[in-house]
Every structure is written in structure tokens, then in C-alpha cells.
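**Q**
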Amino acid sequence: IYVNGDVIVPKGVILSIESGSRILFKPKTDVLHSGVDKERAEIVVRGILLARGNSARSPITFTSEAANAQMNDWYGIIIKNLYDKSVLQNCVVEFSYKGITCYGSTPQIQDCELRFNYNSGISCEVRANPEIRRSVIMGNGFAGINCELASSPIITECVITQNNYGVIILSRSQPDLGHFPVKENTSKGENRIFNNFDFNVYNHSINNIYAQNNLWNTSDPDEIRFTLYDNLKNPSYGQVYFQPIYLKKRKRKPLFPEIALNPRQVNPAPAPSKSLPQQQIPVKSDTTTAPKVELPSDTTVALNALPSPPPDTIVKVKPETVFVYRLPEEKKEEKPPEQTIQEPVLEAFLDSGKREYIKRAVPKYPDIYLKTGTEGEVYIEVVVGRDGKIKSHRVLRSGGELFTVAAERALEKYRYKPGTFKGKPVSYKIVELFRFKRSTPE
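Each residue of the sequence shown is one higher than the one before, starting from 17 at the first, in this note's numbering.
As C-alpha cells, then:
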């Protein structure tokens, strides 16, 4: 589906998009010259948007039509319906200005990937309260998730990485990044929030922010605090509560080990008689004949000498009942088939949790930009091969052509340590940010 102008979903209308669809926006074009950006196309939802992809292998993709797509080629998706929930599931939103803007709305965003957007992956504005679950939010120019104007998104099991700011909180907003213990209608956490370029969480509001039970790629509280901006750095703002840190669930030790090992053997049944066929389950014998035992002659006197029991104490013994049990055969545990690793793997899922460098290089500041005081940034997506060498790269955003040349020349000299996933060598993808800033003004 090709789009060259704004798409409006009126109130009372449902826009459904089939799984596997690709919605391609013509770069920097809006033939209607309407909406928030008069120069870029956008989808404005006042009704309901239902975009449900069947799986991550068949997502719905919102992207740029350009062969060499860049951040800010189109504007993004704006959801404005306060009462009816839109749903985005297994969707990819990329190369826009703002991926998804939740404007006073409560959409469900789950199993999505928001990447390479100029401003933010998800922007929550004007008391927006979206539910964001199991989504990857990476490589966005300003923030992975932007919260402003009293917004309070619930964020659970997401990967938020390689953005300038992971989550930024402004103007009375209060996102829920995790509570421990978890309460009703709150996030349980389990987010991976690390490797963002400036801060993982930037709290510029007066509210305290709960970000408990998450992964930060370190368990050292001091290292985590260094990646947070809150009242410890500026007393005017609220605190970010990040402890306890998420730990994978461990199996509890049983109170009674013998029960835990095999509860069926607490009161074991007698071993089955080898002389009886196993088909007798159970077998009752009406008469039981005791074997005849011949005693030596000298034992007869001793037996006769024993006192006879009183008549009323004599007990008649009933025939014995024999139960034979068939023990269940032990099932051999079959090893599940090994899952195919989809490469390149995201940096956040490497065993190390992050890229490791063998060699880096500093780009040369272009002379003409240095003289004119021009500053800029270059974002480059890099695919690192299993051997640690750069397999491919593409420029996502650049502040100038000469900045791009300088960044790519520096990147040619980069070498990385090979990455592994569950102990196996894999290729992986990362975003490299090159910043060109003058240290002192002339």
C-alpha cells in the first residue's frame, strides 16, 4: 500500500489492516498539506485502528518507500481516540518522525518494533495511558518512549535500547516501568533498559518513577544510578526507584526432598511377585494352602509344651489377598528440537548484553564545519559478523554529508569482539552514534 498524503480515520470508523501488509510512505510528501506536518504524510486515528500481525515473521510494516530510507521520511501514526482502544500487534514502525503518538488515548501496543524514528519510538501526550508490552524500542533519535503532559503508560517486558534517552519523563507524567511486588493494573517490569546513549531513564518531572524488577545489564546499583537522571542529580525532580533488580526465577528447594524427588514412592508398594503373572491386577485366591514343613523329631516335645490359647482368643485367619501392581514405565525425556536463531541478533540479547570493542577510531571533524561552527550527529546501523568484522552498515540519519563521510571512514577501522547467543557465535546488529560537537566555542 503506497501513501503520499494524510490518512484520516474518522470517529466511529474502524481501520483494519491485514497481517503481512506493508504500508509505504513517500518520503517528505503530503499531497493534502494537512495534519501536524504539512510536508510529511501521517495516519490520524480518531476512530479505531486494528493492526494485528499474526507473528513476528509476518508483521505489519509502516515504513518509508525510499530505497535508502532515512529517519523523518514520514511523520508517523497519531491515535486520538480517548474511549475506544486501538490495537497494534506484531507491527514494525520505522523511519518516521514520531513512530506512534498516543494523544490522550489508551491503545494496546504489544509485540511491536519501533525503530529508527527521528524523535521517538512512542510519544505519550496529554494524559495518554497506553499499554506497551513485549516490544523492542531501539535506535530512535531523541527517546525510545517520550512521556509528557501528565501521561502514564504501563510498560512491561520491553527492550529499550540504543536511543538517545531510553525513557524521558516531562511535565507531571508518571510512566509505570515496574512494581515489585506487582499490584493490580501495574507493570511487573521485566524490561531490558540499557545501552542508551545519554540516560536510560531521564526523570524531568516532580513525580517519583517506579522502575523495579527490570534488567539494566548490570547488578551494581552505582552503575545503574549513573545511567539515571533523577533527584540525585537534580533535587528539583522526583526519584527513580529501580530496586529490586529483576532476577530469573529460581526453583524453590522442596521442604521434603524425598517427596519432591518422587511423590509416588513415599509409601512404596511391595515389590511384585515374580511367580505371579502381571495380568492379575489384582488377583484374589479363595484358598491358600500352606506348604508342608517336616520338623525334626526333637522339636515335637517343645511344641506340645507350649500353652494353648483360650478358646475366645482364637482368630480365624481369612485367605490372603495378593495385589500385584504394574509399575509405570519410565518415559525417556525427549530433547526439544533446537530453535533456529534468527540473525542478526539484537545487541540486548547477546550473552554479554552489549557490544565489545577491539578497536575504535575517532572521526575527523570536517574543516569547513569546524570553521562555520556546524555541529551534528550521524546514526549508523551496523551488522557485525560472527568473526567480529563489520558485515554491512547503513546511515539512518546525518547532520550533514561531510559528517557522514567522516563517520563512515572512522567506522571502517572499527573491530568488535565476536558475539554469542546462548554460547553460540552469532552475527548481531547495533546502532553507532557519532557526535560532532565543538568542545569550546571560538
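For glycine and all other residues, C-beta sits at the position ideal for the given N, C-alpha and C. Just so we're clear, the structure is a prediction, and the values are computed from it rather than from any experiment.
Count the other C-beta atoms from every protein chain shown that fall within 10 angstroms of the C-beta of GLY205, then say buried if there are 16 or more, exposed otherwise.
**A** With 16 or more other Cβ atoms within 10 Å, it is buried.
**Q** Going by CA-CA distance only, name the one from LYS101, GLY51, ALA72, LEU231 that's closest to LYS176.
**A** Per the sequence shown, residue 176 should be read as Ile rather than Lys. Closest by alpha carbon: LEU231.
**Q** Relative to the C-alpha of THR356, which residue among VAL399, PRO441, GLU397 is closest?
**A** For THR356, the nearest C-alpha among the options comes from PRO441.
**Q** With hydrogens ignored, establish whether the beta-carbon of GLN124 is closer than 7 Å to any heavy atom of the ligand FAD.
**A** For the ligand FAD, the structure offers nothing, since it holds no ligand at all.
**Q** Assign GLU141 to one of three DSSP states: helix, strand, or coil.
**A** In this structure, GLU141 counts as strand in the three-state DSSP scheme.
**Q** Mapping the DSSP letters down to three states, classify GLU239 as helix, strand or coil.
**A** It is helical.
**Q** Going by DSSP, which residues form a beta bridge with SER408?
**A** According to DSSP, SER408 bridges with VAL399.
**Q** Distance check for VAL217 and PHE365, CA to CA, integer angstroms please.
**A** Cα-Cα distance, rounded: 20 Å.
**Q** Kindly indicate which three-state DSSP category SER35 falls into: helix, strand or coil?
**A** Here SER35 sits in coil by DSSP.
**Q** Along the beta strand (DSSP E) that carries GLU425, what are the first and last residues, could you check?
**A** Note on identity: in this sequence residue 425 is Arg, with Glu being the wrong assignment. Where ARG425 is concerned, there is no enclosing beta strand (DSSP E), although the alpha helix (DSSP H) it sits in stretches over 417-427.
**Q** Assign HIS49 to buried or exposed, taking buried as 16 or more other Cβ atoms, counted over all protein chains shown, within 10 Å of its Cβ.
**A** It is exposed - the Cβ of HIS49 has fewer than 16 other Cβ atoms within 10 Å.
**Q** Between the beta-carbon of PHE41 and the beta-carbon of ASP100, is there less than 8 Å?
**A** Result no, Cβ atoms of PHE41 and ASP100 do not sit closer than 8 Å.
**Q** Taking only three categories from DSSP, how would you classify ILE184?
**A** Three-state result, ILE184: strand.
**Q** Output the boundary residues of the beta strand (DSSP E) element that contains ILE2.
**A** Outside the displayed span of the chain (17 to 458) sits residue 2, for which this structure offers no information.
**Q** Whose C-beta lies closer than 6 Å to the C-beta of ASN162 among residues of the same chain, with five residues either side of it excluded?
**A** Hits under 6 Å: SER136, SER139, ILE184.
**Q** What does THR45 pair with, by DSSP beta-bridge criteria?
**A** Paired residue(s): none; THR45 is not in a bridge.
**Q** For VAL333, does the three-state DSSP call read helix, strand or coil?
**A** Confidence in VAL333 is poor, its pLDDT being 48 and thus under 50, which makes the residue's placement unreliable; the coordinate value appears in the next sentence. Coil at VAL333, not helix or strand.
**Q** Does DSSP classify GLU147 as helix, strand or coil?
**A** It is a strand residue.
**Q** Given a threshold of 16 other Cβ atoms within 10 Å of its Cβ, counted over all protein chains shown, does GLN124 qualify as buried or as exposed?
**A** Exposed, because fewer than 16 other Cβ atoms sit within 10 Å of the Cβ of GLN124.
**Q** Contact check, VAL61 vs ASP22 under 8 Å by CB: the rounded distance?
**A** Going by Cβ atoms, the distance from VAL61 to ASP22 rounds to 11 Å, so no, they are not a contact pair.
**Q** In whole angstroms, what separates the C-alpha of LEU165 from that of CYS118?
**A** Taking the straight line from one Cα to the other gives about 11 Å.
**Q** Using a Cβ-Cβ cutoff of less than 6 Å, which residues in the same chain neighbour ALA426 once the five nearest sequence positions on both sides are dropped?
**A** ALA377, PRO379.
**Q** Considering only the alpha carbon of each residue, which of ASN212, GLU147, ARG208 lies closest to ASN201?
**A** Of ASN212, GLU147, ARG208, the residue nearest in Cα terms is GLU147.
**Q** Assign SER301 to one of two classes, buried (16 or more other C-beta atoms within 10 Å of its C-beta) or exposed (fewer than that).
**A** Any reading at SER301 must be qualified, since the residue scores a pLDDT of 41, below 50, and its modelled position is unreliable; the value itself is stated next. SER301 should be labelled exposed.
**Q** Taking all protein chains shown into account, decide if GLY439 is buried (16 or more other Cβ within 10 angstroms of its Cβ) or exposed.
**A** Counting Cβ neighbours within 10 Å, GLY439 comes out exposed, since fewer than 16 surround it.
**Q** Could you tell me the boundaries of the beta strand (DSSP E) in which ASP192 lies?
**A** Start and end: 192-194.
**Q** Does the beta-carbon distance from ILE64 to ASN106 come in below 8 Å?
**A** Not a contact, by the Cβ cut-off of 8 Å.
**Q** Could you tell me the distance, in whole angstroms, from the CA atom of LYS375 to the CA atom of TYR432?
**A** Taking the straight line from one Cα to the other gives about 7 Å.
**Q** Going by other Cβ atoms of all chains shown within 10 Å of its Cβ, with 16 needed for buried, is PHE242 buried or exposed?
**A** With fewer than 16 Cβ atoms within 10 Å of its Cβ, PHE242 is classed as exposed.
**Q** If you check the beta carbons only, do GLY392 and GLY369 fall under 8 Å apart?
**A** No, the Cβ-Cβ distance between GLY392 and GLY369 is not below 8 Å.
**Q** Suppose you measure from the CA of ASN212 to the CA of TYR181; what does that come to, to the nearest Å?
**A** Answer to the nearest angstrom: the Cα atoms are 6 Å apart.
**Q** Quick one: using the 10 Å Cβ neighbour count with 16 as the cut-off for buried, is LEU412 buried or exposed?
**A** Under this definition LEU412 is a buried residue.
**Q** Which of helix, strand or coil does DSSP assign to GLU363?
**A** Three-state DSSP puts GLU363 in a helix.
**Q** Return the Cβ separation of MET87 and PHE132 in integer angstroms, given the expectation that the two are a contact with Cβ distance under 8 Å.
**A** Going by Cβ atoms, the distance from MET87 to PHE132 rounds to 6 Å, so yes, they are a contact pair.
**Q** Can you tell me the Cα-Cα spacing of ALA144 and ILE116, whole angstroms?
**A** Rounded to whole angstroms, ALA144 to ILE116 spans 12 Å at the Cα level.
**Q** With a threshold of 6 Å on Cβ separation, who are the neighbours of SER408 within its own chain once the five nearest residues in sequence on each side are excluded?
**A** Cβ neighbours of SER408 beyond the five flanking positions: VAL399.
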